[in-house]
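Let me begin by presenting the structure, written as C-alpha cells, before commenting on it.
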Amino acid sequence: MDGEDHMFRDRAVDSVAAADRINQVAPIVSARLWLLVAGGGVLCAALLGWSLLGRVPLTVRGTGILIEGTMVVAAESPADGRIAEVRVKPGDVVRQGDVIAVIANPALEAQRADAESAVARLKEQHLAMLAAEDTAMRAAERSSASERAELAVRIAGDRHGRENAIAESAARVRHAAALLDAERNVAAPRPGRVARVMRAPGDSVRRGSPVAVVSDAVDGVIRCHAFFPLAEGKRVRTGMVARVEPSIADRERFGIIRGSVGEMDPLVGTHDSLSRIAGSPELAADIERRHGAVVSGVVDLEPDPSTPTGLRWTGGTGYPQPLSAGTPCDVDVVTEEVAPVSLFLPWLRQAFGG
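The opening position of the sequence shown corresponds to residue 5 in the numbering used here, with each subsequent residue numbered one higher.
What follows is the structure, encoded as C-alpha cells:
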C-alpha cells in the first residue's frame, strides 16, 4: 500500500507541475497571438485606408520622335533618280525653297541631250540647205521668170518647214530643261532648321521619298512629337504630366525625361501626315502597326541647364550626351489618378456576380 500511495503522490505532483507549466506558457502564447492579430488588423486597416485614400496613376502609352520646335516636315524628292549632291547638314538654318539636295535624273538628262542634239542637227541641215538654195537660185537666173518664181516659192516653203522643225525641237529642249530643273532640286518645304539628313550622294530615291527633315524652330529647343492610339489618345489633354524615354537611353540607368503635354492635334493622323511629321515612311508604318489609327501632340520637355542634354531626368543627370532631333522614344502620359479600390471593383462585381 505504501508503494501505491507513493506512486499516486508522484502522479499528483507531476499533474500539478504540468498545470503550472501550462499556466506559465498560456500568457506568452496569448500575448503572441494578440500581437499577430493586432499586426494583421493594422495591416488590413492600412491597406483599406490606402485603397480608399491612396492614388494610382492611369497612363496612356504612345510612340514619339524628338523634334526641334513644334513640328518637323520632310523635304521630299520631286522625282525618281539618284542623289547627286547634298547641300545642307544637320543644324543648318534654311529658308523656304532653299535647295536641300540635287537629284540626278538620267532619263530626263538623256531626253534633254537628245533634244539639244536634234536642234543642232536641224540647224546644220538648215544651213547646208540655205547654201544649196542660194546656188539653185543663182543657177535659175537664166531660166524664165515663171520658173524662177516657182523655185522661189518652193525654196521658201522648204525653209519655213525647216525653221518650224527647229523651233519645235528648241521647244522640246526648253521643256526638258524646265522639267529637269523642277525635278532635280529638293527644296526646303518651310523655313527652319535642318533636323536630319536622311540621304547621301549616290543613294537612289523615288518620287516623294524623304531626303531631309526640317523643323520649324531655330532656337534648338528639343521637344517630343507623340502619337497615341485613337481611343486612348482622346483622353490626353494639354498640361498632363508626361514621361519620355528616348530609345538610345537605358531607362534603368539614366531614367526618363520629365515633361508635360502641350498642344494636341484633334485630327486623326493619316499615313501621309505621319510620314511628314515623323520624316520617315518607315517610322510612320511602325507607328501604324503598333497603334493603328492615332492622334498626335507635342510634349514639352522640362529644361535643366545642368545636365548634358539640357533636360530634366528622373535619374540624376540622365543621358551623358546631347539628344538630336529624329530620335524615336516611348511616351507615357498620366491621364488621371484614381483610388486603388476603383481598380478592383469590376473584378469584385464579376467574382460575386454583381
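For each residue, glycine too, the CB sits at the ideal point set by N, CA and C.
Inclusion of ALA105 and VAL90 in the CB contact set at 8 Å is warranted, their separation being smaller than that value.
Per the coordinates, the alpha-carbon of GLY259 lies some 54 Å from the alpha-carbon of ALA182.
Rounded to whole angstroms, the separation of the alpha carbons of ILE71 and VAL218 is 9 Å. The shortest CA-to-CA distance from SER173 to any of ARG257, ALA119, ALA253 is the one to ALA119.
In the structure shown, MET268 adopts extended strand secondary structure according to DSSP, grouped into three states. DSSP links GLY165 through a beta bridge to no other residue. In this structure, the CA atom of CYS333 is about 16 Å from the CA atom of THR63. Relative to GLU187, the option among SER121, ALA153, GLY85 whose CA is nearest is GLY85.
Following the DSSP letters along the chain, one finds GLU80 inside the beta strand (DSSP E) bounded by residues 76-80. Take ALA253, set aside five residues on each side of it, and the residues of its chain with a beta-carbon closer than 6 Å to its own are TYR323, in chain order. In the structure shown, SER300 adopts extended strand secondary structure according to DSSP, grouped into three states. Secondary structure of VAL92 (DSSP, three-state): coil. In the assembly as shown, ASN168 is an exposed residue. Its beta-carbon has fewer than 16 other beta-carbons within 10 Å.
Three or more Cβ pairs closer than 8 Å define a contact, and the segment 291-308 meets that threshold against the segment 226-233.
With respect to VAL190, ALA79 sits close: the two C-beta atoms are nearer than 8 Å. Per DSSP, the beta bridge partners of ASP336 are ARG65, ARG247.
Classified as exposed, GLY243 has fewer than 16 neighbouring CB atoms from the shown chains inside 10 Å of its CB. For the 8 Å CB-CB criterion, GLY212 and SER328 do not form a contact. A straight line joining the alpha-carbon of LYS93 with that of VAL103 spans about 12 Å. Note on the segment 172-223: whole beta strand (DSSP E) runs with a minimum of 3 residues are 189-191, 196-201, 214-219, in chain order.
The Cβ atoms of VAL98 and PRO214 do not sit closer than 8 Å to each other. Only residues of its own chain outside the window of five on either side were considered, and among them ILE159 have a CB closer than 6 Å to the CB of GLU137, listed in chain order. The beta carbon of ARG210 is closer than 6 Å to those of ASP84 in its chain, skipping five residues each way along the sequence.
Bridge partners of VAL97 according to DSSP: ARG197. A residue is called buried when at least 16 other Cβ atoms come within 10 angstroms of its Cβ; HIS179 does not meet this threshold and is exposed. Nearest in C-alpha terms to GLN100, of all of ASP220, GLY314, MET141, is ASP220. By DSSP's assignment, GLU341 forms a beta bridge with PRO61. ALA329: not part of any beta strand (DSSP E); DSSP gives it neither H nor E. Counting other Cβ atoms within 10 Å of its Cβ, GLY296 stays below 16 and is therefore classed as exposed.
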